[in-house]
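Notes follow the structure.
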Amino acid sequence: MDKKIIVAVLLAAFAAIVGIVSGKINSSMIMYIPLGLIAGSLVFFSRGILIFLTILCLSSAGIPYAGIWKIALQLRWVLLIMFCFHVFGDIFLGRTVRRIKLFDCLALVFISYAFMSISYSPYPRLTLERSITILLLYISVFWIIWKYAYHQGPEKVVSLILGVMWIIFIASYAAIFIGPYRPFLNGRFMGIFANPNGMGIVSALILPLSLWKFLETGKKSALFLFLLISLSLLLCGARGSLNATLFALGYLIYARSKRKNPFALFATLAGVLIFIWIIETSAREFFKTYIRLESIPVLGGRLEAWQAGVNLIMDKPLFGYAFGVEDKLFGLKKIMFRRHSGAYVHNSFLGMLLQLGLLGFIMFFVPLFILLFKELFSRDENREVPILRYALRASLIAGLICCMSESWIYSVGNTQVFPFWIMVMLLMFYRHSDKEKVEVSGG
7 MDKKIIVAVL LAAFAAIVGI VSGKINSSMI MYIPLGLIAG SLVFFSRGIL
57 IFLTILCLSS AGIPYAGIWK IALQLRWVLL IMFCFHVFGD IFLGRTVRRI
107 KLFDCLALVF ISYAFMSISY SPYPRLTLER SITILLLYIS VFWIIWKYAY
157 HQGPEKVVSL ILGVMWIIFI ASYAAIFIGP YRPFLNGRFM GIFANPNGMG
207 IVSALILPLS LWKFLETGKK SALFLFLLIS LSLLLCGARG SLNATLFALG
257 YLIYARSKRK NPFALFATLA GVLIFIWIIE TSAREFFKTY IRLESIPVLG
307 GRLEAWQAGV NLIMDKPLFG YAFGVEDKLF GLKKIMFRRH SGAYVHNSFL
357 GMLLQLGLLG FIMFFVPLFI LLFKELFSRD ENREVPILRY ALRASLIAGL
407 ICCMSESWIY SVGNTQVFPF WIMVMLLMFY RHSDKEKVEV SGG
């Protein structure tokens, strides 16, 4: 019998046993086992399809309608565990395409620290589960999808992400006309997401990639996706995401135009000035309503949450309260708010300080800012930099800015987390490829 078929059967059986033993598969979930079996077979014939399914599954985990999030949370274990078996198989058979790097060591130290925090967590089981998901995320992105990028190219990986986004944004607009769910909340568009801010973060992260696709291919479909996401961003009214997008697209246009087309840079600046003039004249009142001017002094209630978060951080500044418990702390400490709603602190930087203290904050965010600094200030004069690399830098900028207003970057259950870390991985992939080329030319 073919070895691939044997391994596929073993993987499928293992996934089913794990699900039954852990109680995650019951009579109502039996119908989803065939989906896991299908994914198990696809892994041996098209890794791209499996990656696409995984991105789609994890991006659907934040969709609260029709039980989609429950299905996605069940299937993600099957898909991520399959990725793990792939990595172990590659290591055992000697088919890995890279060695362990410094960033792997940093990631593993952080993940180990997250697991260690179980010892003092007020919710040990929750910390264990979320630590496992962050480990599976690392393995999937930095080993499996890295290998796919090595063989197929970063462009193919980004195309898979954009393919998933087509489905999500088309479904969001379709919800306006069909289905019992209203895709608006207080006049703000949220599509199939749980809230408008989720729509805003996804739009801010994906817009630079969709613009790259249009600039690279010139296809009308790519332009349509860019306009679709831009409209979603404007309709959702997420102020943090709008600011992040302005910085991200501003960098992308500047970085590309200063060498390729200086006229585009001046045209963009002229457009911004005209837009500001319109706001200051005929659209002043509309703009005040759109940005919800009355809530800016308290940052939409976030200021309350930040103050409470800082007070909690001061109690445990070094080690925090344990990984994955951010959304439980306000209830645990019986903290009441006047304006703030929600269980999160709505700031990823404060959220990490709450969970793993100053040590966890340094291990998690400092490498990201070092990567961004090196990318922005690298010497590109002597080599041709792909537009995609500029777009990935822009998405990283957008993601870090969004961290100032939302707690999302470390939560694998959020729609935008898996695509974001793929973007980070692709930037690392480009840097790794540059070093390899220098070594080859020097040798």
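According to my numbering, the stretch in the sequence shown is residues 7 to 449, in order. Note that the Cβ used here is the ideal one computed from N, Cα and C, for glycine as well.
**Prompt:** Val423 to Lys162, Cα distance in whole Å?
**Reply:** Spanning the two alpha carbons is a distance of roughly 19 Å.
**Request:** Tell me whether the beta-carbon of Phe343 lies closer than 8 Å to the beta-carbon of Glu310.
**Result:** In this structure, the beta-carbon distance from Phe343 to Glu310 falls below 8 Å.
**Distance between Lys340 and Phe325 (C-alpha atoms, nearest Å)** = 21 Å
**Request:** Enumerate in chain order the residues of its own chain whose CB-to-CB distance from Ile403 is below 8 Å, with the five nearest sequence positions on each side excluded.
**Result:** Ala250, Phe253, Ala254, Tyr257 and Leu378
**Same chain only: Cβ atoms within 6 Å of Met171, ignoring 5 sequence neighbours per side** = Ile212
**Request:** Give the single residue among Phe329, Leu142 and Trp312 whose Cα lies nearest to the Cα of Thr60.
**Result:** Leu142
**Item:** Proximity below 8 Å, CB of Val93 to CB of Ile145
**Value:** yes
**Message:** Looking at the secondary structure, which residues open and close the alpha helix (DSSP H) in which Tyr416 lies?
**Reply:** Where Tyr416 is concerned, there is no enclosing alpha helix (DSSP H), given that its DSSP letter is neither H nor E.
**Item:** Cα-Cα separation between Ser137 and Leu86, rounded to whole angstroms
**Value:** The alpha-carbon separation between Ser137 and Leu86 amounts to approximately 14 Å.
**Contiguous alpha helix (DSSP H) assignments of at least 4 residues, all confined to the segment 363-446** = 393-408
**Prompt:** In whole angstroms, what separates the C-alpha of Phe121 from that of Leu233?
**Reply:** 42 Å
**Asked** Whole alpha helix (DSSP H) runs in the segment 320-362 with 4 or more residues, listed along the chain?
**Response** 332-338
**Prompt:** Roughly how many whole angstroms lie between the Cα atoms of Met429 and Ile57?
**Reply:** 14 Å
**Message:** Tell me the DSSP secondary structure of Arg82 in three-state form.
**Reply:** In this structure, Arg82 counts as helix in the three-state DSSP scheme.
**Asked** Taking the C-alpha atoms as reference points, what is the distance between Pro40 and Gly169?
**Response** Since pLDDT at Pro40 reaches only 46, below the 50 mark, its modelled position is unreliable, and the value read off the structure follows with that caveat. Spanning the two alpha carbons is a distance of roughly 23 Å.
**Item:** the segment 316-324 contacting the segment 356-363, beta-carbon criterion three pairs below 8 Å
**Value:** yes
**Item:** Buried or exposed (CB count within 10 angstroms, at least 16 for buried), Glu135
**Value:** exposed
**Request:** Would you mind stating whether Pro128 and Val331 have Cβ atoms separated by less than 8 Å?
**Result:** yes
**Request:** Per DSSP, which residues does Arg194 bridge with? Please list them.
**Result:** Leu191
**Prompt:** From Ser263 to Asn317, what distance separates their C-alpha atoms?
**Reply:** 46 Å
**Prompt:** Quick one: is Thr133 buried, meaning 16 or more other Cβ sit within 10 Å of its Cβ, or exposed?
**Reply:** buried
**Request:** For my contact list, Ile197 and Ala181 are in at a C-beta cut-off of 8 Å; report their separation, rounded to the angstrom.
**Result:** Note on residue identity: the sequence assigns Gly, not Ile, to residue 197. Confirmed, about 6 Å.
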